[in-house]
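*Asks:* Sequential numbering from 326 applies to the sequence shown in the numbering used here.
One structure, pasted below without further comment.
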Amino acid sequence: MPHLTLVALVLGFSSLLNVPDTPALRVGEKLWGIGIALGVLWITARWIARLRQEVACSQRWLDRLTLLFHLAYVAAMGVVFWPLEFARIASVNAHAASWFAGDDLAVMAMLLLPLMLGWRTMAAPVALETGIAPAVLVWQQARLTFCLPLLPTLGISLTDDLFRLSPLAHFPAARGPMCLLVLIGFVLTLPVLLRHTWNTHRLPAGLARDQISRVLRKYRVQVSEILHWDTQGMMCNAAVSGFLPRLRYLFVTDELLRRLTPLELAAITAHEAAHFRHRHLVQLAASLAAPVLLLANLSQAAESWQLASTVTIPVWGVCCLIAWSVGHRAWARVFEHQADLTACRGDGGLGSVSAAAVTTFADALVAIDAAPRGDWLHPSPRQRVDFLRRMVDSPSSIRCFERKLWAWQAGQLIVALLLAARLIAVS
């Protein structure tokens, strides 16, 4: 449940950004409260682990139990960082802010250690079934969940600490550009970070590599390397990452290569190439500007109304994130349909949709065992195939879908520009 853990990350680090200079009161009682909240979270993880081990549960019930734990985690972090003021206690009372990155590390430890301990507890039954050590399962899950959201957050926070300690502290206007440069650098070098964070190596020469290279050339997508991603059979997926051609990689998991036929592998590769060709990653990343601009407008309004920013900003930050997550879900699902459509069209994604291409793509979805009810970012396989069948030999339906998509994109841009214009005007 990455979106739920992201809520906790936003709450924790936004609380850190709004810590007052005065120490927290009644620290002993608050530390006891933090201990109780973490204890309840651990008991929840233990109860779920025992239930999974002793009772034969369907996959649907296992998903619900996992969701229950993540909801308990978000609730516990909400209590720890809001009424119990962990960030304030660590930063001011414990003087962690006086050390370089001390307060950042304290907040990160509070966010990660309870969650990973809960995962470790719940992974025990899975480890017995798969033969994979629980620590390995937890480490793989942590890398998948936290690599993307945590690295830029830490980078910006550490840059802010360096700014305060450097001579540039006398020039407050330089703070924003410095953080922006760090964020841009992270985005550009993200594929390299993923290559070394995930367990990857160069895909050896053979039929699979030749098939993938042929599809990438057909869709005019240039990558610097095709990487085999060893997940020990835990994931069946592929992804293109990178804005710069020299730092762009196609990741293909071990399980994907094991399950798919050459034609099905070509269909999945075409789908990933279509994501890149339509710049879906850029648009989804740019959509982050909406909650950031909205939060900036709310922060400015809070100052005008003289509201307590130590309370309002973290809460509004989470509310903005939740609102963005709902929109992001709908947006990503539309992009999945567009990538499916391009992958099934002839002439490198510009021709009509053939029934044979739809059948091959549907077989590929079955082979990779796509979630029957879909997930947060993907429609269900049935919805995806039904959408493609409506487009078979129907150029008018394709044009109608593309017009609606363009209208959504224009609407998002207009909202972002209005929020930015208001913020500039008020400033």
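We put the CB at the ideal spot given by N, CA and C, even for glycine.
Could you check what DSSP says for R728 in three-state terms: helix, strand or coil?
*Replies:* helix
*Asks:* Taking all protein chains shown into account, decide if I788 is buried (16 or more other Cβ within 10 angstroms of its Cβ) or exposed.
*Replies:* In this structure the chain extends from 326 to 752, so residue 788 is not present and cannot be described.
*Asks:* Cα-Cα, which of L493, H521, T594 is closest to Q536?
*Replies:* Comparing Cα positions, the closest option is T594.
*Asks:* Can you say whether D429 is buried or exposed, counting buried as having 16 or more other CB atoms within 10 angstroms of its CB?
*Replies:* D429 should be labelled buried.
*Asks:* Out of R351, Q737, T478, point me to the one whose CA is closest to L336's CA.
*Replies:* T478
*Asks:* By Cβ distance, which residues of its chain are closer than 8 angstroms to R571, with the 5 residues on each side in sequence left out?
*Replies:* S549
*Asks:* Cα separation between S423 and G480?
*Replies:* 18 angstroms
*Asks:* Please state whether the Cβ-Cβ distance between A682 and C669 is less than 7 angstroms.
*Replies:* yes
*Asks:* How do the region 488-499 and the region 509-521 stand: do at least 3 beta-carbon pairs fall below 8 angstroms, yes or no?
*Replies:* no
*Asks:* Report, in whole angstroms, the separation of the C-beta atoms of C645 and L620, which I expect to be a contact under 8 angstroms.
*Replies:* 5 angstroms
*Asks:* Excluding the 5 residues preceding and the 5 following R534 in the sequence, name in chain order all residues of the same chain whose CB lies nearer than 7 angstroms to its CB.
*Replies:* For R534, where only same-chain residues beyond five positions count, the Cβ hits under 7 angstroms are L528, I551.
*Asks:* Looking only at C-alpha atoms, which of D388, R728, V417, R371 sits nearest to L440?
*Replies:* Minimum Cα distance to L440 is reached at R371.
*Asks:* Please work out which residues of its chain come closer than 6 angstroms, Cβ to Cβ, to V565, disregarding the five sequence neighbours upstream and downstream, and give them in chain order.
*Replies:* Here the set comprises L575, E597, F601.
*Asks:* Inspect the beta-carbon positions of A687 and A599 and report whether they are closer than 7 angstroms.
*Replies:* no
*Asks:* Which same chain residues, not among the five before or five after F394, have their C-beta less than 7 angstroms away from its C-beta?
*Replies:* T369, A370, I373, G443, M447
*Asks:* Where DSSP assigns a beta bridge to L575, which residues make up the other side?
*Replies:* I551, V565
*Asks:* With burial defined as no fewer than 16 other Cβ atoms inside 10 Å of the residue's Cβ, what is the status of C561: buried or exposed?
*Replies:* Buried: at least 16 other Cβ atoms inside 10 Å.
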